[in-house]
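Protein chains in written order, with the numbering used here: chain A, 5 to 627; chain B, 5 to 627.
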């Protein structure tokens, strides 16, 4: 990787920062955040503005350009990558280190008195605007919205915003019709005495209307907004996608419907004007509900007194609790995914010793096997296929420059997943195709103990996921080890592989309580810089737990693994497992054998079936 | 308990709420918070204004009186007690229940338009003022400071503010001189570019000057404020306490000192005027550091632009990390405390079967044994001495109306502690003087497993205590049980038995990371309403842990129990313990035997020594 040459681009940006065509008054600094107008985690190429201006294309980072400086804030996952990708016009601001200034403090330290700091009001979330604007104001500067995105003005070969066809999902996939979802949403709105709800997150629009798209890689979403009133539905979406008869039928655009279910389709770009019109027409006490992460532009369209902002929207919460159809779909998807991985691991066991399998080849092979499964749509994220020291790079993605060959001497870590029409998968297995060292087995076994501690945990209804995070670390902590990422994230149902509002992480506190039907990942790990990485990840479903007693009648919950892929036994030091843990592994493998075995049989994949049977023999502890 | 008759008092209060002698304009509501001007948890009788007006004397609660209503907000610990103590002029607002309005929402719902809501600006913390004021303003009302406390104007027999003699602590107790503490504080101030620090919490003043008092029961503190400049020290304190030659000598009031260590003693009541003078004299960039819990009155004395507010002050953080002298003192105090409890439990074992020991008698006896120990000062909190169903009332304190007789048929829970000149103790033991049922033993053993899980936990440096909370619950959760309080709190060194900034609770997130030298309690429990309560509490010291590996060179921590009192073995179902847990109990008991045994021997307490030896025989698991 050689760094991007940015001198000329920065010069152009600094010119438009003063150009009255774009700014009312010159801005002395311009902020380029990571996200798009929907605060998406994964973004379309046309929204990769920060990568365009700096060269740094990690998933998180904020660039700020002033007349003299260009600085990039990113976190520990990306220090190395950012340093490689940016030329020396850029200063890397390592977030999380003690001496790194915040963006606000840095701006205050470098700006001349009374400066204007510009930002695209569609890209910056309202809560972030508020924080930054306050800090700047108290130092005598102003944060100002710059209507036209200044990067776009200099990005001459900017790709088009994607506008791909939509997929309609019927009841067998979604369990609930979009009409019933609207009814449920309106009842939540009525509860909070709110008259309007603005849907800004792409996965929320997709979920609400039981539609999927492919505008953003890995995330089956499409660019759209929606505004739901108590009697009106407006969908803001571009292109000829609404001409598709299947979509028209699905949304009943041509039927005579009760007016409150009639969808008015409007251009994507008209959301701001429409919302401003809504804002102007509000009577006293008519509140408008928005996520506090919605863009500053849309939030400002509603006068302050009428805004009702929450960190999690009712759609986000409803979407997280999967219904029976979704749960069954997720189960099916995970069985198919397990079939693909049994094929892959069987193939790897044969091929790796030949020395011809690279990380990229292995990743491609995984995709090939997955794509043979029914209702496969695409991958759910960029496959992390890493061997030896590459495994210690937590967000590694093999590229030709880093591509290592798998061998019988190194640990191999594969973190991968797919979008099937019936569900989303995300699974990590760590394998050795030769003989692991005692130390590697020891570390693997601690990670496994942590994985089991979460997966088998029983906890009261109403418990937040962050309270389970330490269970995953306890065995590692006992030996002075740890891993520097959270333990789990919410997983969508044929939607984003990362979704809120629940998760398992020491970093959050504002997560919503876990409830039956929620689906999260359980993925502790251990990483030794320069040598290897270990992670064991299952997607698990929150289910009611039977307990001996029932304190205050609260009821208890636990997890059921949806992922059914063997955990490599040669990596386990059985003597470090308790009897309970050993039984957990054996029962888990028994279930893999039965459920995935039946499907392998059905698909006539006999060699992979033999591999599965070999890999799921019961473990025995030496007493 | 019969409720307090409050009709006449409320009438008087409503009159002064309109009396121009006290209020510039009539106030339509008056808020009576729990605390004193120092936001103390334990308050002096003269500060029990909320109890005076309502009758409810629990440790937490806020009263609001309007022209029509009188309402009391308190939490689950006090629903029953508040309902008993208040007459029907009062509405109980049960905090934590879904339908209970917040104080702000309730005020908005009952107040006529454009109302004024009064509060004593010395009593309300600045952060609370800010929140409430904002909520009221957005509904068209005003929160206004009422200089004279309106309760005091009608409280004709209000007790005097205590003004008791001070105790000076020399280096053998404190390890660090007050001068060195001032030097360290000033260096923290310089780090943050702050010119002034205002000490408002009573335990912070006491700690800073190595002085103790007895103005507040159980807390060895005295009413005072301090304002520390880079070159000046002002101590605001009343009475002739500064005439005491020992205090004058300790503070070097009559010595020729470098001017920056010269203490100016000023009247307690002059703090506001002095602080206003400081505020008026600030040059640009001269910041003043206050706790964000300091009173609104003192916070307002400093113009907003000059305030530097933090949730934890540098004194709070420094005080939490005990030095070698303090740690040794705490160890000594806990050995003496264990001697007293061995005597008590030996005595109870003999006396309970006779049917003559009540909860109050047992509590008194505990105090008697403690008071025989060297450097005993007073109890560190009101003894919780509870048997049978009373044990399920978490903050129970026996009074004649509820006083039960201990018997061989009920579980007995004793949560008690003392202030010794060398340290503060807080210990809970749950005992049975007959034969516990299998169910009682089962529950006790789960609580013990939780206690051990925290006490034996190994965790990385920098871990916050709240991440350990679930360890204490895991065994209970497995069976569908739980307890509705946190697991641990910070403990002062001959100071408040509850102190910040660390603790072990699922409820907080903003606690400071644990570090070696901090002292917290470890006290999981289980409570069955109407039948029994179980709690096992040790005070534990954070110490470095030796681990096999050392990830990122961070180092690890664990706990060393300072409390050395046997855990009753007849309550343990040994077969529910793992081998590791069983070993923990045996090693703990071995240490009690050696350390406390030696002290019992030295004090010639042979009968109690025999009891200790009996109670610390090794447990054996049936394999």
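Every residue, glycine too, gets a C-beta built ideally from N, C-alpha and C. This structure is a prediction, so every number in the text was calculated from the model and none was measured.
Outcome for residue i when other beta-carbon atoms lying within 10 angstroms are tallied against a minimum of 16
i: residue 482 (chain A); result: buried
i: residue 308 (chain A); result: exposed
i: residue 433 (chain A); result: buried
i: residue 455 (chain A); result: buried
i: residue 547 (chain A); result: exposed
i: residue 579 (chain A); result: exposed
i: residue 610 (chain A); result: exposed
i: residue 15 (chain B); result: exposed
i: residue 6 (chain B); result: exposed
i: residue 604 (chain A); result: buried
i: residue 557 (chain B); result: exposed
i: residue 572 (chain A); result: buried
i: residue 443 (chain A); result: exposed
i: residue 136 (chain A); result: buried
i: residue 328 (chain B); result: exposed
i: residue 138 (chain A); result: exposed
i: residue 474 (chain B); result: buried
Beta bridge counterpart(s) of residue i as assigned by DSSP
i: residue 383 (chain A); result: A:422
i: residue 390 (chain B); result: B:417
i: residue 70 (chain A); result: A:33
i: residue 227 (chain B); result: Residue 227 (chain B) pairs with nothing; no bridge assigned.
i: residue 526 (chain B); result: B:542
i: residue 312 (chain B); result: B:293
i: residue 144 (chain B); result: Answer by DSSP bridge pairing: none, since residue 144 (chain B) is not bridged.
i: residue 399 (chain B); result: According to DSSP, residue 399 (chain B) bridges with nothing at all.
i: residue 409 (chain A); result: A:362
i: residue 129 (chain B); result: B:299
i: residue 201 (chain B); result: B:232 and B:293
i: residue 508 (chain A); result: A:492
i: residue 122 (chain A); result: A:34 and A:148
Check: residue i C-beta below 6 Å from any heavy atom of the ligand FAD
i: residue 531 (chain A); result: This structure lacks the ligand FAD, and indeed carries no ligand of any kind.
Check your understanding: Within the chosen definition, does the stretch 312-331 of chain A reach the stretch 388-406 of chain A through at least 3 CB pairs nearer than 8 Å?
Key -> no
Point to revise | Positions along the stretch 464-490 of chain A whose CB lies within less than 9 Å of some CB in chain B | key: 464, 467, 468, 470, 471, 472, 473, 474, 475, 477, 478, 480, 481, 482, 483, 484, 485, 486, 487 and 488
Point to revise | Residues in the stretch 550-562 of chain B having any Cβ partner in chain A nearer than 9 Å | key: 550, 551, 552, 553, 554, 555, 556, 558, 559 and 560
Exercise for review: Report yes or no: do three or more beta-carbon pairs, one from the stretch 98-110 of chain A and one from the stretch 18-25 of chain A, lie closer than 8 Å?
Suggested key: no
Practice item. Please determine if the stretch 281-289 of chain B and the stretch 175-189 of chain B are in contact, where contact requires at least 3 C-beta pairs separated by less than 8 Å. Key: no
Exercise for review: List in chain order: all unbroken alpha helix (DSSP H) runs of 4+ residues lying wholly within the stretch 541-613 of chain B.
Suggested key: 583-595 and 601-606
Review point. Are the stretch 608-622 of chain B and the stretch 340-348 of chain B touching by the rule of at least three beta carbon pairs closer than 8 Å?
Key: yes
Point to revise | Contiguous beta strand (DSSP E) assignments of at least 3 residues, all confined to the stretch 343-380 of chain B | key: none
Exercise for review: Go through the stretch 207-268 of chain B residue by residue and report every complete run of the alpha helix (DSSP H) that reaches 4 residues or more, in order.
Suggested key: 249-254
Exercise for review: Mind the definition here: the stretch 42-58 of chain A touches the stretch 157-172 of chain A only if three or more C-beta pairs lie below 8 Å; say whether that holds.
Suggested key: yes
Practice item. Closer than 8 Å, Cβ to Cβ, to anything on chain A: give me those residues from the stretch 503-527 of chain B, in chain order. Key: 510 and 513
Point to revise | Complete runs of the alpha helix (DSSP H) confined to the stretch 89-114 of chain A [at least 4 residues] | key: 107-114
Exercise for review: With 8 Å as the limit, tell me which residues of the stretch 432-466 of chain A have their beta carbon closer than that to any beta carbon of chain B; keep them in chain order.
Suggested key: 461, 462, 463 and 464
Review point. Is there contact between the stretch 250-267 of chain B and the stretch 207-216 of chain B, where contact requires at least three CB pairs shorter than 8 Å?
Key: yes
Practice item. Within the stretch 146-184 of chain A, note down every full beta strand (DSSP E) run reaching 3 residues or more, in order along the chain. Key: 146-149
Review point. In the stretch 428-490 of chain B, which residue ranges form an unbroken beta strand (DSSP E) of at least 3 residues, counting only runs that do not cross its ends?
Key: 431-436
Check your understanding: Any chance the stretch 202-213 of chain B sits against the stretch 223-231 of chain B, with 3 or more Cβ pairs inside 8 Å?
Key -> yes
**Study point:** Contact the stretch 535-555 of chain A vs the stretch 386-403 of chain A: 3+ CB pairs below 8 Å
**Key:** yes
Check your understanding: Are the stretch 485-494 of chain B and the stretch 460-468 of chain B in contact at 8 Å, needing three or more beta carbon pairs?
Key -> no
Review point. Quick check: the stretch 123-130 of chain A against the stretch 33-46 of chain A, are there 3 or more CB pairs under 8 Å?
Key: yes
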